[in-house]
Amino acid sequence: GAVVSQHPSWVICKSGTSVKIECRSLDFQATTMFWYRQFPKQSLMLMATSNEGSKATYEQGVEKDKFLINHASLTLSTLTVTSAHPEDSSFYICSAREPAPPYNEQFFGPGTRLTVL
Amino acid sequence: QKEVEQDPGPLSVPEGAIVSLNCTYSNSAFQYFMWYRQYSRKGPELLMYTYSSGNKEDGRFTAQVDKSSKYISLFIRDSQPSDSATYLCAMRRGNTPLVFGKGTRLSVIA
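Taken in sequence, the protein lines are chains S and U. Positions in the first sequence are counted from 1; adding 314 to them yields our numbering. Positions in the second sequence are counted from 1; adding 115 to them yields our numbering.
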């Protein structure tokens with residue numbers, strides 16, 4: 315299957331700082347990328363859908379000013395957690411969807427573990 | 116009622132057993148049905164996908180979709196300790212985002 319990478323794989327930061335997480339599709343062009351967060355022993359919760367060249371669509375309850383998403387190219391999307399607080403500590407996973415219809419496979423990155431002190 | 120229901124387990128089976136994992140859903144518009152495997156602290160890995168109703172087999176894995184009952188299953192034959200992971204069902208309609216179940220934690224004991 316296709317490969318999606320994330321960087322960094324883990325990050326520890328102080329409360330009040332901002333953290334940027336990168337998501338790359340390595341061998342295909344992804345017109346649509348998704349960002350999820352996952353708490354321990356919980357399922358994936360969709361945060362936002364980003365389409366290349368346009369604004370991200372955020373799920374209800376997700377603060378768009380806190381979780382900034384940029385999808386500037388067909389292979390790169392970034393999530394910036396601004397003014398991070400301990401409650402933002404979580405496992406963040408990106409996913410990229412192949413553009414080919416009728417079935418668009420969705421591949422996941424390895425995740426980024428964020429710990430806010 | 117949640118859109119996708121999945122028993123979180125944990126489920127513990129001996130090596131070599133047949134494992135049955137299930138999800139039910141409420142939205143009859145779902146068309147694409149997937150099973151993902153997630154190891155601890157890793158991203159989900161696509162195992163199987165099915166479009167609409169029917170069965171699909173891939174090695175030791177068989178996925179079944181019964182749209183009339185809004186019920187999907189994943190069977191794992193000859194289970195191995197390396198199959199120990201969390202299994203997530205997911206589904207969607209058209210190009211909408213995937214909706215995930217909570218995941219079932221599986222342990223295969225040698």
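Virtual Cβ for every residue (Gly too), placed ideally from N, Cα, C. The model shown is predicted, which means the values in this text are computed figures rather than measured ones.
Interface criterion met: the Cβ of Q420 of chain S is under 8 Å from a Cβ in chain U. If you draw a 10 Å sphere on the C-beta of Q320 of chain S, you find 16 or more other C-beta atoms in it, and that means buried. In the structure shown, the three-state DSSP call for E419 of chain S is coil.
In this structure, the CA atom of T389 of chain S is about 24 Å from the CA atom of V376 of chain S. By the neighbour-count criterion, in which 16 or more other beta carbons inside 10 Å mark a residue as buried, D402 of chain S falls on the buried side. For the region 135 to 146 of chain U, the beta-carbon criterion of a distance under 7 Å to any beta-carbon of chain S is satisfied by none of its residues. Closer than 8 Å to the CB of P196 of chain U there is not a single CB belonging to chain S. By the CB criterion at 8 Å, V119 of chain U and V214 of chain U fall inside the cutoff.
For the region 146 to 174 of chain U, the beta-carbon criterion of a distance under 9 Å to any beta-carbon of chain S is satisfied by Y147, M149, Y151, Q153, R156, K157, G158, P159, E160, L161, Y164 and Y166. Where T177 of chain U is concerned, the enclosing beta strand (DSSP E) starts and stops at F176 to D181. For A205 of chain U, the pairing in a beta bridge is given by DSSP as U:M149 and U:F215. DSSP places T396 of chain S in no beta strand (DSSP E); its state is neither H nor E. Against chain S, the CB of G218 of chain U has a partner CB under 8 Å away; the residue lies at that interface. Residue-level contact by beta carbon fails for S339 of chain S and chain U, as no gap is shorter than 8 Å. If you ignore the 5 residues before and after S222 of chain U, its C-beta comes within less than 8 Å of the C-beta of P125, L126, S127, V128 and S199, all in its own chain and listed in chain order. Within its own chain, the residues whose Cβ lies closer than 8 Å to the Cβ of S323 of chain S, once the five positions on either side in sequence are excluded, are P424, G425, T426 and R427, listed in chain order. Within its own chain, the residues whose Cβ lies closer than 8 Å to the Cβ of G330 of chain S, once the five positions on either side in sequence are excluded, are S397, A398 and H399, listed in chain order.
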